[in-house]
Structure formats: structure tokens, C-alpha cells
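S.K.: Those letters in the sequence shown? Residues 123 to 386, by the working numbering. We treat Cβ as the ideally placed atom computed from N, Cα and C, and that holds for glycine. Following this message is one structure expressed as C-alpha cells.
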Amino acid sequence: MQEFRPSKEHFIAKKAIMGAGEIALKWFQNNPKYWTKDDGTQVSEADIEINNYLSEKINKKLRKIGWLSEENHDDYSRLKFSKVFLIDPIDGTKSFLEGKEDFSISVALIEKGRPISALILNPVYNELFEAELNKGSWMNSTRIRVSNNKNLEGARMCAFKPMFSHPAWKEPWPKMVIKNKNSIAYRMALVAMGKFDVMMALNPKNDWDIAAGDLLVTEAGGEVTNHLGEKITYNKKEIQKKSVVGGCKDIHLKIIERVKDLPL
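Here it is, written out as C-alpha cells:
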């Protein structure tokens, strides 16, 4: 029977994310205070408490690894480190505040611009997705794989549905089963386990949104790139990415053929 054997860094991060999940459940549907940040996104006292907890349990124990969280100011000190943690305390804060279950906590470890360890937790469903480089992808200790679907017609797409009826498309999209999840990390995790064939976002995303999901999908046998079909490099000075497409390889390729010429 296959078994996931974590590195020291992954083990510490895994223990921390489970504790963070308990904090999230404490606040979930319990009316946490929230406010709007300068960039227009929402943040709640739950985000801050989880961020502080993860910093205490990961950052302070692994001082030789850099740190970047959505809820911390980026002073670029992370660029001095060979390894860096990318943290999203609550990905999908909007859903979280509305009492909806499709939010997640995301932790990724980056080395030389690419994720080598990934954890995504949906605390409400008690789903822990994890991966390390060359060790496969797992959900609650069970090995997971992307789907083997090869057809765009009828594919299960996790994305913002109105995007596909936009008049800018050169040709209409084939009929697909399109559903969305507020958390981009959770979308990618669901692709990794084969619940969706592909996910796509053609609007800017930050490193902490997609790095963990990138490793989960690729270790599950899929492909993750930007809309140009290029692998994504993380922990550069500029952390915002224009797009992300992740899915089983055949459908991913067909999506890229349709979107690669978009002027994003």
C-alpha cells in the first residue's frame, strides 16, 4: 500500500494547517469582523488569527526559509532565501464571510521558483490535499489523479461561467459543465482529484493563490501554466500572474489553443 512520507518542512506545515483549520471553523458562520483592504479585497479577523497562527507554527520554527503571506506586507526579504513559504490564510474570504463552504487554507513551499511542497485544506469538508515534488498528490492519505478525459465537449470546467459567453471569443466554446468555486486554490485541488477536468482564470492571481494548487495538479498527472502555455515561476519580485489554466493534459492543451492569443 502506498504511503505519503513527508519531509520535515512539510510535516511542520501540515500540522500547522490542521490547527489553522480549527481556527477557521471557530469563526465560520460566526460573524467575524471584516474590512476592505487598499486593494479592494476583504479581510476578516479570522484571516488575521490564522495568519498569526501559521506564522507562529511555521515561520518561527523554520527560520532559514522565507515567508510571504497575503496578510503580511511584502518587504522583499523573501528574495534572499533559497526556499520560501507562500501562505493564503483564507483563500475565498468572500465565501467564508457569506457562510459558504468553498474556501480553503493554502500553504506552498517554493524552491528555485517552483513549488516543492503543497497543502490545501478545506476545513468544512475536512479535505486535506497535499503533495511534494516527485511524491504524488494525496487527499486525506489517499493517492489522487487528474481525470483522463480527452474531450472539451462535455468537459467539467471550474471557472466563472459568464466568461465563456463573452463576445470577444473568435469561436464559440463547446458545451461544457461549468461550475465555479470562490477559492482558486480549492478549484485546483478539485482538478487534482479528478472532480473537474480543468480550471481556468483569465484575471490576475497572486502567487499564494495558485502555487500549492500548481504542485497538486502536476503531481496528480496534470498540467498547470499561464494562458500562453508557459510554466509559472513563483517568488519573483512581481508576484501577480495574469492567468492560470490547470487540468488533465489533453484538455489543458485544447484550452491553451483557444486562449493563447488573448491580449491579457
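1) What span of residues does the beta strand (DSSP E) with residue 300 cover, start to end?
2) Give me the Cα-Cα distance between residue 275 and residue 251, rounded to the nearest whole angstrom.
3) On the criterion of 16 or more Cβ atoms from any shown chain inside 10 Å, does residue 308 qualify as buried, or is it exposed?
4) Is residue 156 helix, strand or coil when you go by DSSP?
5) To which residues does DSSP link residue 199 through a beta bridge?
6) Based on the DSSP output, what are the partners of residue 243 in its beta bridges?
7) Is there contact here, the region 126-140 with the region 165-183, by at least three beta-carbon pairs under 8 Å?
8) In the DSSP assignment, the beta strand (DSSP E) including residue 323 goes from what residue to what residue?
9) Going by DSSP, which residues form a beta bridge with residue 172?
10) Specify the secondary structure class of residue 304 as computed by DSSP and reduced to three states.
11) Residue 235: which of 336, 345, 228 and 376 sits nearest, CA to CA?
12) Using DSSP's beta-bridge definition, name the partner residues of residue 366.
13) Using the Cβ count rule (16 or more neighbours within 10 Å means buried), how would you classify residue 243?
14) Can you name, in chain order, every residue of its own chain whose Cβ lies under 6 Å from the Cβ of residue 218, other than the five neighbours on each side?
15) Do residue 303 and residue 365 have their C-beta atoms within less than 9 Å of each other?
16) Leaving out five residues on either side along the sequence, give the residues of the same chain with a beta carbon under 7 Å from the beta carbon of residue 267.
M.R.: Let me spell this out:
1) Stepping through the sequence shown from its first residue, residue 300 is reached at position 178. Unbroken beta strand (DSSP E) run through residue 300: 299-301.
2) Here residue 275 refers to the residue found at position 153 when the sequence shown is read from its first residue. Here residue 251 refers to the residue found at position 129 when the sequence shown is read from its first residue. Whole-angstrom Cα-Cα distance: 28 Å.
3) Position 186 of the sequence shown, counted from the start, is the residue given in the question as residue 308. Looking at its Cβ environment, which holds 16 or more other Cβ atoms inside 10 Å, residue 308 is buried.
4) Counting from 1 along the sequence shown, the entry for residue 156 is found at position 34. If DSSP states are grouped into helix, strand and coil, residue 156 belongs with the strands.
5) Taking the first residue of the sequence shown as 1, we reach residue 199 at position 77. Beta bridge pairing from DSSP links residue 199 with no other residue.
6) Locating residue 243 in the sequence shown gives position 121, counting from the first residue. DSSP, once it has assigned bridges, lists 227 and 250 as partnering residue 243.
7) Verdict: yes, contact present.
8) Here residue 323 corresponds to residue number 201 of the sequence shown, with the count starting at 1. From DSSP, the beta strand (DSSP E) with residue 323 extends over 320-323.
9) For the purposes of this step, residue 172 is taken as the residue at position 50 of the sequence shown. Residue 172 is not bridged to any residue.
10) As a position in the sequence shown, residue 304 is number 182, starting the count at 1. Residue 304 falls in the coil class under three-state DSSP.
11) Working through the sequence shown from its first residue, we reach residue 235 at position 113. Between residue 235 and the set 336, 345, 228 and 376, the nearest pair of CA atoms involves 336.
12) Mapped onto the sequence shown, residue 366 falls at position 244. Residue 366 is bridged to 323.
13) By 1-based counting over the sequence shown, the position of residue 243 is 121. Its Cβ being crowded by 16 or more others within 10 Å, residue 243 is buried.
14) Looking up residue 218 in the sequence shown gives position 96. Here residue 218 has 212 and 225 as same chain residues with Cβ atoms under 6 Å from its own Cβ, once five neighbours each way along the sequence are excluded.
15) Position 181 of the sequence shown, counted from the first residue, corresponds to residue 303. Position 243 of the sequence shown, counted from the first residue, corresponds to residue 365. Judged by their CB atoms, residue 303 and residue 365 are not nearer to each other than the 9 Å cut-off.
16) Translated into positions along the sequence shown, residue 267 becomes position 145. Excluding residues within five positions, the ones whose Cβ falls inside 7 Å are 316, 342 and 343.
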